[in-house]
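*Asks:*
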Amino acid sequence: MWTLVSISIFSIVAVITSRFLKTNYYRALYFPIFAIFMRVLLGSQHGYTYQKIAAGLSLNALFSIFVVFVGIAYIPKRILALRALIPLYIFMLVIFISGVINFEAIGLFQVITKWLYFIVIMGFLIIAFEMCGTFIVSKAVFLAISPIPALQIASYILGKAKNTENDLSVSYIGGYFHEANFSIMLIIIMLCSIFVTSRLRFYIRYGILVILMAGIILANYRTALISAAPIFIAYYFYDQLKRTSLYFQPIIIFCSFFGIIAILTQLPASFQERFSSISDFSRDVNIVFQNPTDFTRSERDIFSARVYIWSQYIDGFESGHLHAKIIGHGPESWSGKFSKYAHNTLISNLYEFGITGFLITIILMINFVIIAASINNALDKMLMISLHIGFILLNMATMPLWAIEGILLYAFITALTIYKSSNFQKSANKF
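According to the working numbering, the sequence shown holds residues 12 to 442 in order.
#1: For the alpha helix (DSSP H) containing A66, name the first residue and the last one.
#2: Just reading off the alpha helix (DSSP H) that L211 is part of, what are its end residues?
#3: Give the DSSP bridge partners of A173, in chain order.
#4: So for S359, helix, strand or coil by DSSP?
#5: Using the C-alpha atoms, what's the distance from S209 back to Y247?
#6: Leaving aside the five residues before and after F21 along the sequence, list all residues of the same chain whose C-beta is less than 6 Å from its C-beta, in chain order.
#7: Leaving aside the five residues before and after L68 along the sequence, list all residues of the same chain whose C-beta is less than 8 Å from its C-beta, in chain order.
#8: Given Y357, which residues of its chain have a CB within under 8 Å of its CB, disregarding the five upstream and five downstream residues?
#9: State the Cα-Cα distance for the pair I429 and S309, rounded to the nearest angstrom.
#10: Under the three-state reduction of DSSP, which class applies to F349: helix, strand or coil?
#11: Any contact between the region 198-209 and the region 143-153? By contact I mean 3 or more CB pairs, one from each, below 8 Å.
#12: Give the C-beta separation of F379 and H399 to the nearest angstrom, bearing in mind that I take them to be a contact with Cβ-Cβ under 8 Å.
#13: Flag this pair as yes or no: are the beta carbons of G226 and L197 separated by less than 9 Å?
#14: Going by C-alpha distance, which of L404, A39, Y61, H57 is nearest K240?
#15: By how many angstroms is the C-alpha of N192 removed from the C-alpha of V24?
#16: Considering only their Cβ atoms, is the gap separating Y183 from L229 smaller than 9 Å?
#17: Can you tell me whether E329 is buried or exposed, with buried defined as 16 or more other CB within 10 angstroms of its CB?
#18: Suppose the cutoff is 7 Å on Cβ atoms and the five residues either side in sequence are ignored; what does the same chain contact list for I108 look like?
#19: In the DSSP assignment, find the alpha helix (DSSP H) that holds Y128 and state where it starts and stops.
#20: Under 7 Å Cβ to Cβ from I86, same chain only, skipping five residues before and after it: list those, please.
#21: Using 8 Å for Cβ pairs, my map puts I325 next to F300. What's the rounded Cβ distance?
#22: Skipping 5 residues on each side, what residues in its chain have a beta carbon closer than 6 Å to that of G417?
#23: With the cut-off set at 9 Å, would you say F42 and T28 are in Cβ contact?
#24: By the three-class DSSP mapping on this structure, what secondary structure does L154 have?
#25: Got a sec, what are the start and stop residues for the alpha helix (DSSP H) R94 sits in?
#26: Which residues bound the alpha helix (DSSP H) around F402?
#27: Mind checking K392: buried by the 16 CB within 10 Å criterion, or exposed?
#28: Once you ignore the five residues that flank M224 on each side, which residues in its own chain have a CB closer than 7 Å to its CB?
#29: For Q62 and R94, I'd like the C-alpha separation in whole angstroms.
#30: Using the three-state DSSP reduction, which class does M224 fall into: helix, strand or coil?
#31: Mapping the DSSP letters down to three states, classify P43 as helix, strand or coil.
#32: What does the Cβ neighbour count give for K33, buried or exposed, with the cut at 16 atoms within 10 Å?
#33: Going by C-alpha to C-alpha distance, which of A116, I117, I123, A39 sits closest to F140?
#34: Within 10 angstroms of the Cβ of K441, are there 16 or more other Cβ atoms? Answer buried if so, exposed if not.
#35: Could you give the DSSP three-state label for I313: helix, strand or coil?
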């Protein structure tokens, strides 16, 4: 039953998306939209696509490699020469050195491939934004990822849920393997809806956003909710201020601010309880530097055991040799040494790439925030900065860049940021 529902949804979306692209001759979108749609399709069929079929690689991995090889072969050199990518190239060099020094050949291949995937998707999206504009690109991406909310609705109706927490709560993730990847896809489609629905009536615009936020709640992934919240709030201000005269804008800001606070205080107690561990951690952040063996049973449960996991990685970094502290233990070196991945991009990179990789990761993220701050239009600037803040928050309690879904999210945000930046034409020059 579920397989039939899933195939039907993807077949309908494939027809609608292909007709949209062919009717409007948006050839610049063919490759990135095909890559995004196929990732959604393959992710939904994880029972088959996660199995290793050739050279120890799954169908998912093989398709990602295909996207990288084709993309690198056809991407314009001016995109590869963007100044905005310099911190990323430095980071990739650090990854390479760490992989070679620590003899982590397989991990090196995996991580470098993911970042090349990011460059390819981001680059082709920049070209698409140039040729088609924000509305058309966002609509195409929206269509390509639309199976995600459709699958979630179907899973809710059919009662196909996944148990994810010790509190007996469940996640409706449309047959996906993990709620994190599914939630990230919902965030991407929420971003697209901001631009796709801008011309529609008020109740339609916010109705779609509320439905997508409800979808993130049903996916039951707190980290995604935390990162989506500033995006939703920033969009509300962006939308209202854009449609309000300068004279009334302070009133809108004042009333909205207190309205948001009132809504947050009225959330159901069960919903607030799901986030109580965040406040527990905020009262004693130094616990993350505590020796993992000293954690009590209750402390190990803080933030769904994330704090305990972080302490393990920090302890592993501190107990490493000098070269490991500088350049790390190597890409994907956590596997086999820890039971779970770090659930924090900065802490993971501290362990895998040392203090060097840790600092360059911060520089990389701040670099794109600075580019967003260079956007001339004040409202666009506010919105794009909020998107980066939301993504940075997402990285603090999970690792979106570890999965292709997270790479797609960051590629969309950075491509849009570069396209809207005032220095885009200058940054296209070779460095």
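Beta carbons: idealized from backbone N, C-alpha and C, even for Gly.
*Replies:* Once the coordinates are examined:
#1: Here A66 belongs to no alpha helix (DSSP H), and DSSP marks it neither H nor E.
#2: Run containing L211: none; DSSP gives neither H nor E here.
#3: In the sequence as displayed, the identity of residue 173 is Lys instead of Ala. K173 is bridged to S182.
#4: For S359, the three-state secondary structure derived from DSSP is helix.
#5: 11 Å
#6: L52, P158
#7: I76
#8: The residue you asked about is not Tyr; residue 357 is Leu in the sequence shown. So the qualifying residues of the chain are F369, T372, I373, N406, M407.
#9: 45 Å
#10: Correct three-state label for F349: strand.
#11: yes
#12: 6 Å
#13: yes
#14: Note on residue identity: the sequence assigns Ala, not Lys, to residue 240. For A240, the nearest C-alpha among the options comes from L404.
#15: 20 Å
#16: yes
#17: exposed
#18: Excluding positions up to five away in sequence, the list reads I338.
#19: Note, Y128: alpha helix (DSSP H), 116-143.
#20: V131, G134, F135
#21: 6 Å
#22: I195, P411
#23: no
#24: helix
#25: It is not in any alpha helix (DSSP H) - R94 carries neither H nor E in the DSSP assignment.
#26: Element bounds for F402: 389-408.
#27: buried
#28: A239, F243
#29: 39 Å
#30: helix
#31: helix
#32: exposed
#33: A39
#34: Here K441 scores only 41 on pLDDT, less than 50, and its place in the model is too uncertain to base an answer on.
#35: coil
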